[in-house]
Amino acid sequence: MKADKAEAKRLLRQRLRQQREARYTEHNLLHLLDLPELAKASVIASYSSYGFEPDTEALNQELIVRGKTLLLPRINGETLEFVQWDGKIENFSYNKKIAEPIGTAWGESDAIDLILVPALAIDPDGYRLGQGGGYYDRALANLPAWRHGVVYNYERMEHDLPRESWDIPVNSW
141 MKADKAEAKR
151 LLRQRLRQQR
161 EARYTEHNLL
171 HLLDLPELAK
181 ASVIASYSSY
191 GFEPDTEALN
201 QELIVRGKTL
211 LLPRINGETL
221 EFVQWDGKIE
231 NFSYNKKIAE
241 PIGTAWGESD
251 AIDLILVPAL
261 AIDPDGYRLG
271 QGGGYYDRAL
281 ANLPAWRHGV
291 VYNYERMEHD
301 LPRESWDIPV
311 NSW
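Count along the sequence shown starting at 1, add 140, and that's the number in my numbering.
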């Protein structure tokens with residue numbers, strides 16, 4: 141049963157990545173600035189988009205312009221930690237072609253008001269299909285922040301995605 145779920149997730153990830161690559165276009169996330177949860181948030185954990193993910197660059201820069209404390213993730217072993225980012229590209233290092241912020245890990249997870257969570261797909265209950273490493277599920281389990289999933293419109297599924305007991309749903313998408 142567990143092997144069947146893992147294989148279903150693997151095949152779904154493969155199909156969604158192919159669709160994403162085929163349909164990639166400029167995707168402006170600035171509409172997220174209209175989210176009430178984002179407007180009232182002081183500390184926001186976002187991410188630096190990779191490959192064919194919805195592009196977060198303009199949104200991240202605008203959050204800084206608006207005076208938000210912007211945190212970006214970096215992988216430390218099996219843990220996803222967040223680092224405050226100042227918007228300067230030179231303050232990135234690259235881990236497997238993924239931009240990660242340079243600096244000291246943010247130690248106040250309770251102070252994070254909102255987290256933008258990347259996904260390949262999100263189902264009607266807010267469960268997401270990520271890249272398969274479990275980094276975000278482990279991080280979300282310890283973050284009381286509002287969780288907003290970031291996907292293209294066509295990645296909002298009408299059916300349930302395969303899920304495990306440790307999967308953490310997002311609050312909005």
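Even glycine gets a Cβ: it sits at the ideal position worked out from N, Cα and C.
query, result
"Taking the CB atoms as reference points, tell me whether Leu173 and Glu202 lie closer together than 8 Å.", "yes"
"Report the rounded CA-to-CA distance for Ile229 versus Leu280, giving the unit in angstroms.", "26 Å"
"Using the three-state DSSP reduction, which class does Ile238 fall into: helix, strand or coil?", "strand"
"Does the Cβ-Cβ distance between Gly266 and Val310 come in under 8 Å?", "yes"
"State the DSSP-derived secondary structure class of Leu212, mapped to helix, strand or coil.", "strand"
"Helix, strand or coil: how does DSSP classify Ser182 here?", "coil"
"For a quick check, are the C-beta atoms of Ala285 and Asp307 less than 8 Å apart?", "no"
"Specify, as a first and last residue, the run of the beta strand (DSSP E) that Glu221 falls within.", "Thr219 to Gln224"
"Which term fits Pro264, buried or exposed, when burial requires 16 or more other beta carbons within 10 angstroms of its beta carbon?", "exposed"
"Look at the Cβ atom of Ile238, then the Cβ atom of Tyr190, and state whether they are nearer than 8 Å.", "yes"
"Per DSSP, what kind of secondary structure is His171 in: helix, strand or coil?", "helix"
"Report yes or no: do the region 148-159 and the region 212-229 share at least 3 C-beta pairs separated by less than 8 Å?", "no"
"In this structure, does DSSP put Ile252 in helix, strand or coil?", "coil"
"What three-state label does DSSP hand Ala281 in the structure shown?", "coil"
"Could you check how far apart the C-beta atoms of Asn200 and Leu211 are, in whole angstroms? I think they sit under 8 Å.", "Actually they do not touch by this definition, with Cβ atoms about 10 Å apart."
"What residue range does the alpha helix (DSSP H) around Val205 cover?", "Glu197 to Val205"
"Quick one: residues in its chain with C-beta nearer than 6 Å to the C-beta of Ala185, no 5 flanking neighbours on either side, listed in chain order?", "Leu211, Phe222, Ile252 and Ile255"
"Have a look at Arg278 and Leu269 and give me their C-alpha separation to the nearest angstrom.", "14 Å"
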